[in-house]
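Worksheet for the structure shown next.
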Amino acid sequence: MGDWVKWLILGILSVLFGIFALGNAVAASIAVTLMTGVLLLLAGGMQVAVGLSEKGTGRKIASIALGVLMMLLGVSLTANPLQGLISLALVVTILLASSGVVRLGVAWAMRSTATFWPTLISGALTVLLAGYILANFAEASARLLGVLLGVELLFNGTMLIALALFVRRHRS
1228 MGDWVKWLIL GILSVLFGIF ALGNAVAASI AVTLMTGVLL LLAGGMQVAV
1278 GLSEKGTGRK IASIALGVLM MLLGVSLTAN PLQGLISLAL VVTILLASSG
1328 VVRLGVAWAM RSTATFWPTL ISGALTVLLA GYILANFAEA SARLLGVLLG
1378 VELLFNGTML IALALFVRRH RS
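First residue of the sequence shown: 1228, per this note's numbering; consecutive thereafter.
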């Protein structure tokens, strides 16, 4: 099997999983929350293990404390995935709003360049999206992470399919 076929299969799977995530956005959101919790548990455990081997007392305490904090957050997300989902959705919404505001600031700094309008529009749309999510948070929060995952999987799959076709064309 050629390299391009592997990329093609991976791309098709990514698109299919993206469609599944969009069709089951709440289930995908819960899965994202649970996976985040598990990863925080693992990362926190490793952080504690590294902290135990630190030589300096201050570094040891800081490393262990951060590891325990990550583990507690991981336990919270896995034990209460619906509450965790809402918390993660709020964090994502705040990050969207923040990145939009930063883009607006960057656009203002670049107002005499050709990239002013695209940057301004990008920032404004991101801020508007965050505002829309906040205005409809009760309805949107349960689906937000699943929709973002689905869209990312669709874009990723489309890019991988394009890469596969590019590799096939240029290696033949």
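Glycine residues also receive a C-beta, built at the ideal position from the N, C-alpha and C atoms.
Where residue i sits in the DSSP three-state scheme
i	result
Lys1282	coil
Asn1251	coil
Thr1260	helix
Ala1289	helix
Asn1363	coil
Asn1383	helix
Thr1305	helix
Thr1342	coil
Met1337	coil
Own chain partners of residue i with C-beta closer than 6 Å, once the 5 adjacent residues on each side are dropped
i	result
Leu1267	Met1297, Leu1300 and Gly1301
Close beta carbons around residue i, own chain, < 7 Å, minus the five adjacent residues each side
i	result
Val1333	Thr1346
Ser1241	Leu1380, Asn1383, Gly1384 and Leu1387
Ser1356	Residue 1356 is actually Leu in this sequence, not Ser. So the qualifying residues of the chain are Leu1323.
Glu1316	The residue asked about is misnamed: residue 1316 is Ala in this sequence, not Glu. So the qualifying residues of the chain are Ser1368, Leu1371 and Leu1372.
Check: residue i C-beta below 7 Å from any heavy atom of the ligand MN
i	result
Val1328	By its list of ligands, the structure shown contains no ligand whatsoever, and the ligand MN lies outside what it can speak to.
Nonlocal neighbours in the same chain, by C-beta distance under 8 Å from residue i, ignoring five residues either side
i	result
Val1275	Ser1290, Ile1291, Gly1294, Val1295 and Met1298
Met1273	Gly1294
Outcome for residue i when other beta-carbon atoms lying within 10 angstroms are tallied against a minimum of 16
i	result
Ser1325	exposed
Thr1342	exposed
Trp1344	exposed
I'd like to know if the stretch 1358-1366 and the stretch 1242-1249 are in contact, where contact means that at least 3 CB-CB pairs between them fall below 8 Å.
no
- prompt: Just checking, does the stretch 1295-1302 make contact with the stretch 1344-1359 on the three C-beta pairs under 8 Å criterion?
  reply: no
Do three or more CB pairs link the stretch 1336-1349 to the stretch 1275-1289 at distances below 8 Å?
no
Just checking, does the stretch 1302-1311 make contact with the stretch 1260-1275 on the three C-beta pairs under 8 Å criterion?
yes
Open item on the list: Using a Cβ distance threshold of 8 Å, determine whether the stretch 1313-1320 contacts the stretch 1284-1292, with at least three qualifying pairs required.
Closed with: no
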